[in-house]
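Take the sequence shown: its position 176, counted from the start at 1, is 176 in the UniProt record's numbering, and no numbers get skipped. Down below is the structure, laid out as structure tokens.
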Amino acid sequence: MAVIPLRSYVDSSAVPTLVLVDLQQEYVTPPRGLAMPQAEQALDKCRDALVHARAMGFPVAFVRWMGRAPFFNAAAPFSRWIEGFEPTGGDMVFERDRPSCFASKPFAEVMGSSSSIVMAGFAGEAACLSTMVDAFHRGKQITYLTDASASHSLEELDGTEVHNVIGKLAGIYGEIQTTAEWVVSTSQALLNTGWLNG
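This is the structure:
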């Protein structure tokens, strides 16, 4: 089934690219050091975001960390996609070996022409925050779905506390929304263009 290029028909600012970050087995496979108990709840929201993006015909990009270190090692099964989040033929896939998604040159080039970015995935304190900062410095409009993400504990702060702080920091560099808020706002934006009214 073909995906209709909405940007050709409506205001491009209403058509974001959903970027799903590091939806890899490392985060859901205890006792791996990066596994997070709160990941499953975040994945439910990632799934909601992905279903919405596909239904709306939004571009979808999967970005993953691949390297030779103990974590995200390309030769290990833990670097694989989480079940249910495997890219399909129409999706973009990017790889990098540093926290920010913009560390991938192809990602940076493709997002250079994207009107706006909506990000979900792992981990909040690393890949997500650094991508927010990079997007800001590149003049990109970026939205972070905080409930479709999770953060690790840092010293005396548990993961939930860290994630709350990350959400506030990320708000300096872009927009913060829940997945439900994003679904409503993007549906309404396209309704206002008349696209969804037929």
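Where is the CB? At the ideal position from N, CA and C, for every residue including glycine. All values derive from a computational prediction rather than experimental measurement.
Just to confirm the assignment, what range does the alpha helix (DSSP H) spanning residue i have?
i	result
Thr131	129-137
Once the 5 residues before and after residue i are set aside, which same chain residues still bring their CB inside 6 Å of it?
i	result
Ile166	Gly124, Glu125, Leu129, Ser151
Tyr173	Met132, Val133, Phe136
Arg96	Ala103, Ser104
Trp65	Asp22, Phe72
Ala39	Tyr27, Val28, Ala150
Ser114	Thr17
Pro99	Ala126, Ala127, Ser130
Phe85	Leu23
Ser153	Gly159
Among the residues of its own chain, which have a CB less than 8 Å from the CB of residue i, if the five just before and after it don't count?
i	result
Phe78	Gln24, Gln25, Glu26, Thr29, Arg32, Phe71, Phe72
Mapping DSSP to helix, strand and coil, what is residue i?
i	result
Gly159	helix
Arg80	coil
Ser104	coil
Leu34	coil
Tyr9	Low confidence applies here, because Tyr9 scores a pLDDT of 40, under 50, leaving its location unreliable and the question unanswered by this model.
Gly112	coil
Thr186	helix
Ala61	strand
Met119	strand
Glu181	helix
Gly124	helix
Assign residue i to buried or exposed, taking buried as 16 or more other Cβ atoms, counted over all protein chains shown, within 10 Å of its Cβ.
i	result
Gly121	buried
Lys140	buried
Val118	buried
Ser116	buried
Gln177	buried
Thr160	exposed
Leu43	buried
Val162	buried
Between which two residues does the beta strand (DSSP E) harbouring residue i extend?
i	result
Arg96	92-96
Leu20	17-21
Glu175	175-177
Since I believe residue j is in contact with residue i (beta carbons under 8 Å), could you give me their beta-carbon distance rounded to a whole number of angstroms?
i	j	result
Leu50	Val60	7 Å
Val19	Cys101	6 Å
Tyr144	Ala170	5 Å
Lys45	Thr179	4 Å
Please tell me whether residue i has its Cβ less than 7 Å away from any Cβ of chain B.
i	result
Arg54	No chain B appears in this structure, which consists of one protein chain only.
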